[in-house]
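Residue 26 is where the sequence shown starts when you use this note's numbering, and the numbers rise one by one after that. Note sheet for the following structure.
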Amino acid sequence: MDLYIYYRVARTQAAQLQAKVHAMQAQLRHEHGITAALKRRPRPDNGPDDANPPQAPDTWMEVYLAVPDDFENTVDRAFDAAGYSPLIDGTRHIEYFLDCTPCV
């Protein structure tokens, strides 16, 4: 099962968030042997500057592939220890997805 966690972060906080999440994910990789990634939704490349101000939040997503059912608890503890909660604008959204295997 794959775990996806997404949230919004102001662009002014992006570098700090990225450093904290990458450090946390490196520790999770080392301790649990998992595959993890951090992604950000693309920004529009055109349009007026006032429609895309620097303080506007971007959507970020943490991805954890092929994790055990209870891995959300592990990530929650790591999230608390990493201290990036104040950088998040709103709530964290957590979702699981399964691979679809062909029926033959």
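Beta carbons are placed, not taken as given, at the ideal position from N, Cα and C, and that holds for glycine. The model shown is predicted, which means the values in this text are computed figures rather than measured ones.
Asked                                                                                                                       : Found
Backbone secondary structure at residue 114 - three-state DSSP                                                              : strand
Given 8 Å, three or more beta-carbon pairs between the region 114-123 and the region 61-68                                  : no
Runs of beta strand (DSSP E) wholly within the region 29-109 (minimum 3 residues, chain order)                              : 60-65, 82-90
Neighbourhood of residue 92 by C-beta distance below 6 Å, restricted to the same chain and skipping five residues each side : 28, 59
Given residue 68 as reference, the closest of 129, 84, 54 once Cα atoms are compared                                        : 84
Length of the line joining the Cα atoms of residue 41 and residue 88                                                        : 18 Å
Euclidean distance between Cα positions of residue 90 and residue 36                                                        : 26 Å
DSSP-derived helix/strand/coil call for residue 124                                                                         : coil
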